[in-house]
Every structure is written in structure tokens, then in C-alpha cells.
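J.: Residue numbering for the sequence shown follows this note's numbering, starting at 22 and increasing by one per position.
Every residue gets a Cβ at the ideal spot worked out from N, C-alpha and C, and that includes glycine.
If you're wondering where the values come from, they're calculated on a predicted model, not measured in any experiment.
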Amino acid sequence: MKILVAGGTGFIGRVLCQILDRRGHDVTAAGRSPSRSVAGIQTTALDVTDADLTDTVAGHDAVVNLVALPSHVQPARSHDAVHRQGTQNLVSASETTGVDRFVQMSALGVDSDVETAYFAAKRAGERIVRDSDLDWVIYRPSVVFGDGCAFLPFLRKLAAARVVPLPGGGGLRIQPIWVDDLAAMLADGVEADRHTGETYELGGPDVLTLAETVLLLRPNAVILPLPMPVAAAGAMIAEYIPGFPIGRDQYRVQRLDNTVSSDDLAAFGFEKRDLRSLSAYLQT
Ligand SMILES: NC(=O)c1ccc[n+]([C@@H]2O[C@H](COP(=O)([O-])OP(=O)(O)OC[C@H]3O[C@@H](n4cnc5c(N)ncnc54)[C@H](OP(=O)(O)O)[C@@H]3O)[C@@H](O)[C@H]2O)c1
Numbered sequence: 022m023k024i025l026v027a028g029g030t031g032f033i034g035r036v037l038c039q040i041l042d043r044r045g046h047d048v049t050a051a052g053r054s055p056s057r058s059v060a061g062i063q064t065t066a067l068d069v070t071d072a073d074l075t076d077t078v079a080g081h082d083a084v085v086n087l088v089a090l091p092s093h094v095q096p097a098r099s100h101d102a103v104h105r106q107g108t109q110n111l112v113s114a115s116e117t118t119g120v121d122r123f124v125q126m127s128a129l130g131v132d133s134d135v136e137t138a139y140f141a142a143k144r145a146g147e148r149i150v151r152d153s154d155l156d157w158v159i160y161r162p163s164v165v166f167g168d169g170c171a172f173l174p175f176l177r178k179l180a181a182a183r184v185v186p187l188p189g190g191g192g193l194r195i196q197p198i199w200v201d202d203l204a205a206m207l208a209d210g211v212e213a214d215r216h217t218g219e220t221y222e223l224g225g226p227d228v229l230t231l232a233e234t235v236l237l238l239r240p241n242a243v244i245l246p247l248p249m250p251v252a253a254a255g256a257m258i259a260e261y262i263p264g265f266p267i268g269r270d271q272y273r274v275q276r277l278d279n280t281v282s283s284d285d286l287a288a289f290g291f292e293k294r295d296l297r298s299l300s301a302y303l304q305t
């Protein structure tokens, strides 16, 4: 297949492009800076906020939308421009040019009752994809870790001090998934018809609190509960936990739980024990 990976120069995109390439596909990674090279993969310039993307999309059998704006970015309208309107622009170009398969990356939590600009725009992006004439698959992963991710440097920074202040004592629950495991499932979604029309929630083998992830790196760390809301700490965590609310609403933050409600691994022939855990990854 000829596959365009929008956001293919990013953290998840690079791994996906290489898996698709190894599976024999003709892959192009696209982003605003095509000079961000991906070993062995051709790149092209693409800004999804451009209204007409037909020239870039034309000739592809499948489009994967991995374009991302980190969840903490302000102002809120940037999320709408990239995650909603950008998805609309990609979907319209895909419909016009006869793309067979559209894979949309969303995020865990988009349909929770915790509202953030990131979640609202991601949810709107999902709706556009579902309402399209395309054969689509939607993915909602928890936090993704692996080489080149933003999450582990963040954890290392947190764990650098013995006393680690965390909002609410770091009780927020996440289910980190290894980028290579997720990318293999994304590649299946591009290739196999049985995934069409499905929305998959995907997490790794372990549910961990944020405090527990810090203790993986520094077992003797002392977690200092910060009373919430603490806007600065919220903003810091929002940079790495997709959808983490920034602001003064303590109640919203405490309800955010970045774990799967249904286990969709079986759709890809996986069980939890087949996936790489964060602790195993950190030990290598
Ligand atoms: N990483 C996680 O933990 C996680 C968790 C849940 C969901 N997700 C979702 O997974 C997807 C990929 O995330 P990631 O971590 O790989 O993100 P990333 O490393 O930040 O990569 C983002 C990609 O999007 C491109 N991009 C940004 N703005 C663009 C625009 N206007 N037009 C075209 N391309 C643009 C970037 O390249 P340029 O900057 O050169 O344009 C880059 O290739 C996103 O949808 C994200 O929301 C990620």
C-alpha cells in the first residue's frame, strides 16, 4: 500500500513508519518540517491547517493522522485548529482523492467528563472521521513511552530530587504503553479490513499512579502531596500526560484517570503479558 503518515516525523510516527516500511509498504512521513528525517523513510511537507491538502494526499491508499499538538499548549483555539480542523482538512482531501483507509489517533479520556481544550478538539476530530465516507479506525492510547518520548525525561526530572512534590500526591492513574507495541497495532489497523469502524482503547500491561512511576526510577523518593489546584504543577504535568487539565478546578483533575475502560488488545491478538511494561523497559 502507499501510505501517508501525517505526523510521521514525530515520536510515534517514526516507529510506525519503520514498521510499515518493514512490512513492505511505500511510506511517506509528513509534517511541517520535512527536514526532520526518519531513517530510510521519505518525508514531505504538510501543514494540516491548510484548507486544501489534496495535492499531498492524492495517490495514497491509506492516511494515518498522528498530527499532535501537546495537550498543554495554549491558547485553546490551537487545539481546535490542529486536532479538529486539521482532521477535517485531512478527511476532506482523503474523500476527494479516493483514499481507502483512514487511521485516526485520538487519546484516552476524550469521552470522560473531564473537559479540556485538547479532549474537546480530539473528540470533534473523532466525530469528523466517524461521519466521513472513509473506511476508518480510531485509536485512543494512554501515555506512550519509548525511545525519544517526552514522558520519560519528565519522569527523570521529577525523580532527580529525593523529595518529589506531586499534585494530589500523584494519585492520577495511567496505563503506559510501549511505542513499539502500539505502533504494531496501528500498522494492523492500516492493513486489515476487520478493524474498519472500530474505536480501540489501548493501555499497557500495568496500571500505575504517577507516584508509582516516580518510585520505579527512584525507589527511595519521598512523595510530597501538593494541594490541588496548583496551576504550575498542573501545567507541568499537562505537558506529558495527554489531556491533563490545566487550571483551578481541583475536582476535574482528581477525576482524570488515564486507564482503559475496555481491553481492546485482543482485537490485535495480544494479551497484556505480551506487552512490554514500563518497569521492564526501564531495566534495559
Ligand atoms: N505520546 C503520547 O503519550 C500520546 C498519548 C495519547 C495520544 N497521543 C496522540 O498520538 C499522536 C502522536 O503523538 P506523538 O507523541 O508522536 O506527537 P509528537 O512527537 O509531538 O509528533 C507530532 C507530529 O505532528 C507534526 N505536526 C505538528 N503540527 C502539525 C501541523 N500543523 N501539520 C502537520 N504536522 C504537524 C509534527 O511535525 P512538525 O512539528 O514538523 O509539523 C510531528 O511529526 C497525537 O495525535 C497525540 O495526540 C500521544
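1) On the premise that residue 180 lies in contact with residue 235, defined as a C-beta separation below 8 Å, what is that separation, rounded to the nearest angstrom?
2) Going along the chain, which residues of its own chain have a beta-carbon closer than 6 Å to the beta-carbon of residue 101, five neighbours each way excluded?
3) Determine the closest residue to residue 196 out of 63, 210 and 222, with distance taken between C-alpha atoms.
4) Any idea what DSSP makes of residue 270, helix, strand or coil?
5) When you compare the CB positions of residue 27 and residue 59, do they come within less than 8 Å of one another, or not?
6) Is the segment 119-139 touching the segment 182-191, taking contact as three or more C-beta pairs under 8 Å?
7) Using 8 Å as the threshold, is the C-beta distance between residue 77 and residue 50 below it?
8) Please return the same chain residues whose Cβ sits closer than 8 Å to the Cβ of residue 294, not counting the five positions on each side in sequence.
9) Can you check the segment 106-146 for any beta strand (DSSP E) of at least 3 residues that lies completely inside it and give the ranges in chain order?
10) Helix, strand or coil: how does DSSP classify residue 316 here?
11) Report back the beta-carbon spacing between residue 30 and residue 64 to the nearest angstrom; my notes put them in contact at under 8 Å.
12) CA-CA distance, residue 124 and residue 160?
13) Within 10 angstroms of the Cβ of residue 298, are there 16 or more other Cβ atoms? Answer buried if so, exposed if not.
14) Using the Cβ count rule (16 or more neighbours within 10 Å means buried), how would you classify residue 72?
15) Give the range of the beta strand (DSSP E) segment to which residue 23 is assigned.
16) With DSSP collapsed to three states, give me the class of residue 194.
17) At a cut-off of 7 Å, would you count residue 131 as near ligand 1, judging by its Cβ distance to the nearest heavy atom?
18) Going by DSSP, what residue range makes up the alpha helix (DSSP H) through residue 174?
19) Considering just the uninterrupted stretch of the beta strand (DSSP E) at residue 231, what are its terminal residues?
20) Helix, strand or coil for residue 84, going by three-state DSSP, please let me know.
T.: Short version:
1) Locating residue 235 in the sequence shown gives position 214, where the first residue counts as 1. Locating residue 180 in the sequence shown gives position 159, where the first residue counts as 1. Sure, about 5 Å apart at Cβ, within 8 Å.
2) Looking up residue 101 in the sequence shown gives position 80. Closer than 6 Å at the Cβ level, and outside the excluded window around residue 101, lie 142.
3) Position 175 of the sequence shown, counted from the first residue, corresponds to residue 196. Ranking the options by Cα distance to residue 196, first place goes to 222.
4) On the sequence shown, residue 270 is found 249 positions in, with the first residue counted as 1. Residue placement at residue 270 is poorly supported in this model, since its pLDDT is 42, which falls under 50; the coordinates are not used for a value here.
5) For the purposes of this step, residue 27 is taken as residue 6 along the sequence shown, with counting starting at 1. For the purposes of this step, residue 59 is taken as residue 38 along the sequence shown, with counting starting at 1. One thing to note: residue 27 has its Cβ no nearer than 8 Å to the Cβ of residue 59.
6) Cβ pair count under 8 Å is below three, so no.
7) Along the sequence shown, read from residue 1 onward, the residue named residue 77 stands at position 56. Along the sequence shown, read from residue 1 onward, the residue named residue 50 stands at position 29. Not closer than 8 Å, so no.
8) Your numbering for residue 294 matches position 273 in the sequence shown. Same-chain partners within the cutoff: 226.
9) 122-126
10) Because the chain here runs from 22 to 305, residue 316 falls outside it and cannot be looked at.
11) Numbered from its first residue, the sequence shown carries residue 30 at position 9. Numbered from its first residue, the sequence shown carries residue 64 at position 43. With 8 Å as the limit, residue 30 and residue 64 qualify as a contact, their Cβ atoms being about 6 Å apart.
12) For the purposes of this step, residue 124 is taken as the residue at position 103 of the sequence shown. For the purposes of this step, residue 160 is taken as the residue at position 139 of the sequence shown. Approximately 8 Å, taken between the alpha carbons.
13) Sequence index remark: in the sequence shown, residue 298 carries index 277 (1-based). Result: buried.
14) Your numbering for residue 72 matches position 51 in the sequence shown. Under this definition residue 72 is an exposed residue.
15) Counted from its first residue, the sequence shown places residue 23 at position 2. 23-27 is the span of the beta strand (DSSP E), which, as asked, contains residue 23.
16) Sequence index remark: in the sequence shown, residue 194 carries index 173 (1-based). Strand.
17) Along the sequence shown, one-based indexing puts residue 131 at 110. No; taking the cut-off as 7 Å, the Cβ of residue 131 has no heavy atom of ligand 1 nearer than that.
18) Position 153 of the sequence shown, counting from 1, holds the residue named residue 174. From DSSP, the alpha helix (DSSP H) with residue 174 extends over 172-179.
19) To locate residue 231, count along the sequence shown from 1; it is residue 210. That residue, residue 231, is in no beta strand (DSSP E); its alpha helix (DSSP H) goes 231-238.
20) The residue labelled residue 84 in the question sits at position 63 within the sequence shown. Reduced to three states, the DSSP call for residue 84 is strand.
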